[in-house]
Amino acid sequence: MNNEPILQIKDLRISFQSGKKFLPAVDGISFELREGEILGIVGESGSGKSVTSLAAMGLIPTPPGKIENGEIIFDGKDLKNISEKEWRKIRGNQISMIFQEPMTSLNPLFTIGNQLLEAIRLHTNFSKAEAKARSIELLKLVGIPRAEGILNEYPHQLSGGMRQRVMIAMAMACNPRVLIADEPTTALDVTIQAQILALMKDLNQKTNTSIILITHDLGVVAEICERVIVMYAGQVVEQGDVRTILKNPQHPYTKGLLKSVPDLRGKKERLYSIPGTVPIPGSVVQGCRFAARCAEAFEKCRMESPDLYQSEKDGHEVRCFLHTLKEGRDEHVRVTS
1 MNNEPILQIK
11 DLRISFQSGK
21 KFLPAVDGIS
31 FELREGEILG
41 IVGESGSGKS
51 VTSLAAMGLI
61 PTPPGKIENG
71 EIIFDGKDLK
81 NISEKEWRKI
91 RGNQISMIFQ
101 EPMTSLNPLF
111 TIGNQLLEAI
121 RLHTNFSKAE
131 AKARSIELLK
141 LVGIPRAEGI
151 LNEYPHQLSG
161 GMRQRVMIAM
171 AMACNPRVLI
181 ADEPTTALDV
191 TIQAQILALM
201 KDLNQKTNTS
211 IILITHDLGV
221 VAEICERVIV
231 MYAGQVVEQG
241 DVRTILKNPQ
251 HPYTKGLLKS
261 VPDLRGKKER
271 LYSIPGTVPI
281 PGSVVQGCRF
291 AARCAEAFEK
301 CRMESPDLYQ
311 SEKDGHEVRC
321 FLHTLKEGRD
331 EHVRVTS
């Protein structure tokens, strides 16, 4: 895997208008995606994961959305202010996305073949016959049997897992360099989930496509990701190597997410859940955004907002005052505010 970043998000801030106010949905997040890497972004609903992915695709609805600040650098070029015409050349061609619900992403009025052919011919000079051959090749690549027959069927005739495979085939149609998968296994049973994850890992290895996997499930991240970013209330609260974070989480929110993962080896009367809910954007004006739900919070947490600190040993980053109070404080340097 090449260590050079193919996609960089720098200090990205996105707000949405509510009445006369603009509420921050994403508040100053920064990360890199390297070539050939699978990067996980985790967090509860409302943490800003999907908004970040939409920004990377140039799909933030304006209005009510607004990119207040930051850079979205792909292949050395800032995409934040490019025209819609330029976005059409990149979107689906260089950067592709698999959306959460394939039933609403596929047009029910057109056959699978019609929609696949359109995706291919929009970005290539293929003839209709060449596009059809490519469609069949893609359907076979994602493990769909009787690929030629599927081309003549409509979305409602396929199962949820099959529709999701079609969505992955469409996303891979032009061999994109970056694939964003927004909760690709939501609403699928566990067997199909495992197949879809194995398929994405296989595509990553065969085509060297960089993947951003957005999920709320740390079990999924442990399965296929190399690095993970934990988001909460529009901010990055922890990021680093998957093994490091799963073995030794530093932020109380990450610890809570890990405790929430069911353990089949032991019997518990009830599953653990983090108390409370993600705050409404803009509602926390003072202190750490997780303080109200954190069992380890102290006075400073309620008064000041922690910076993102980075370990000089392994690059592990965490946004928590507890982290700086531990022995070895001098080994951490401030990254951002």
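Residue numbers (the UniProt record's numbering): 1 to 337. The C-beta atom is built at its ideal place from N, Cα and C for all residues, glycine as well. Only a predicted model underlies this, so the values are computations on that prediction, with no experimental measurement involved.
Item                                                                                                                                                                    : Value
On the criterion of 16 or more Cβ atoms from any shown chain inside 10 Å, does Glu4 qualify as buried, or is it exposed?                                                : exposed
Sort Asn204, Pro252, Cys320 by Cα distance to Arg293 and report the nearest one.                                                                                        : Pro252
Could you have a look at Glu155 and say whether DSSP puts it in helix, strand or coil?                                                                                  : Reading the sequence as shown, one finds Pro at residue 155 and not Glu. Helix, per DSSP.
Check the C-beta distance from Ile196 over to Leu188 and give it rounded, since I have them as a contact under 8 Å.                                                     : 7 Å
Nearest CA to the CA of Asn93: which residue from Ile180, Val284, Ser45?                                                                                                : Ile180
Between Thr324 and Met303, what straight-line distance do the alpha-carbon atoms span, to the nearest angstrom?                                                         : 16 Å
Does the contact criterion of 3 or more C-beta pairs under 8 Å hold for the stretch 116 to 129 versus the stretch 76 to 87?                                             : no
Threshold first: 4 residues or longer. Then list the alpha helix (DSSP H) segments lying entirely within the stretch 72 to 99, N to C.                                  : 84 to 90
Gln239 lies in the beta strand (DSSP E); which residues open and close that run?                                                                                        : 235 to 241
In whole angstroms, give me the CA-to-CA distance for residue 358 and Gly287.                                                                                           : No answer is possible for residue 358: the residues shown for the chain start at 1 and end at 337.
Return helix, strand or coil for Ala297, following the three-state DSSP convention.                                                                                     : coil
Could you tell me the alpha carbon to alpha carbon distance between Gly65 and Arg91, rounded to whole angstroms?                                                        : 19 Å
Please report the Cβ distance between Leu171 and Ser50, rounded to the nearest whole angstrom; I am assuming they are in contact, meaning their Cβ atoms lie under 8 Å. : The amino acid occupying residue 171 in the given sequence is Ala; Leu does not appear at that position. Ala171 to Ser50, Cβ: 16 Å. No contact.
With a threshold of 7 Å on Cβ separation, who are the neighbours of Glu296 within its own chain once the five nearest residues in sequence on each side are excluded?   : Pro252, Leu322
Under DSSP, the beta strand (DSSP E) around Asp202 begins and ends at which residues?                                                                                   : Premise fails: Asp202 lies in the alpha helix (DSSP H), 190 to 207, not in any beta strand (DSSP E).
Taking just the CA atoms, how far does Glu130 sit from Gly234?                                                                                                          : 44 Å
Of all the options Gly19, Phe99, Thr215, Gly48, which has the alpha carbon lying nearest to the alpha carbon of Leu12?                                                  : Gly48
Given a cut-off of 7 Å, decide if Pro63 and Gly282 are closer than it, judged by their beta-carbon atoms.                                                               : no
Have a look at Glu226, Ala222, Val220 and flag the residue whose alpha-carbon is nearest the alpha-carbon of Ser210.                                                    : Glu226
Looking at the unbroken alpha helix (DSSP H) that takes in Leu12, where does it start and where does it end?                                                            : Per DSSP, Leu12 belongs to no alpha helix (DSSP H); it is in the beta strand (DSSP E), 5 to 18.
Quick check: what's the CA-CA separation for Leu138 versus Ser105?                                                                                                      : 18 Å
Compare the Cα-Cα distances from Val278 to each of Phe31, Arg289, Ile192, Ala194 and report the closest residue.                                                        : Arg289
Rounded to whole angstroms, what is the Cα-Cα separation between Pro145 and Val166?                                                                                     : 12 Å
So for Glu317, helix, strand or coil by DSSP?                                                                                                                           : strand
When DSSP labels each residue in this structure, what does Leu322 get in the three-state scheme?                                                                        : helix
Can you give me the start and stop residues for the beta strand (DSSP E) that Glu32 sits inside?                                                                        : 21 to 34
Quick check on the burial criterion: 16 or more other C-beta atoms within 10 angstroms. Buried or exposed for Ile280?                                                   : exposed
In angstroms, rounded to a whole number, what distance separates the CA positions of Val236 and Val42?                                                                  : 10 Å
Leaving out five residues on either side along the sequence, give the residues of the same chain with a beta carbon under 8 Å from the beta carbon of Ser18.            : Pro64
Under a three-way DSSP split, which group does Ser210 fall into?                                                                                                        : strand
Can you tell me the Cα-Cα spacing of Glu44 and Pro306, whole angstroms?                                                                                                 : 20 Å
If you compare alpha carbons, which of Leu33, Gly46, Lys89, Arg34 is closest to Met231?                                                                                 : Gly46
Between which two residues does the beta strand (DSSP E) harbouring Leu308 extend?                                                                                      : 308 to 311
In terms of DSSP beta bridges, what is Thr215 paired with?                                                                                                              : Val42
Less than 7 Å between the C-beta atoms of Leu54 and Ile212, yes or no?                                                                                                  : no
Does the distance from the CB of Thr186 to the CB of Gln193 come in under 7 Å?                                                                                          : no
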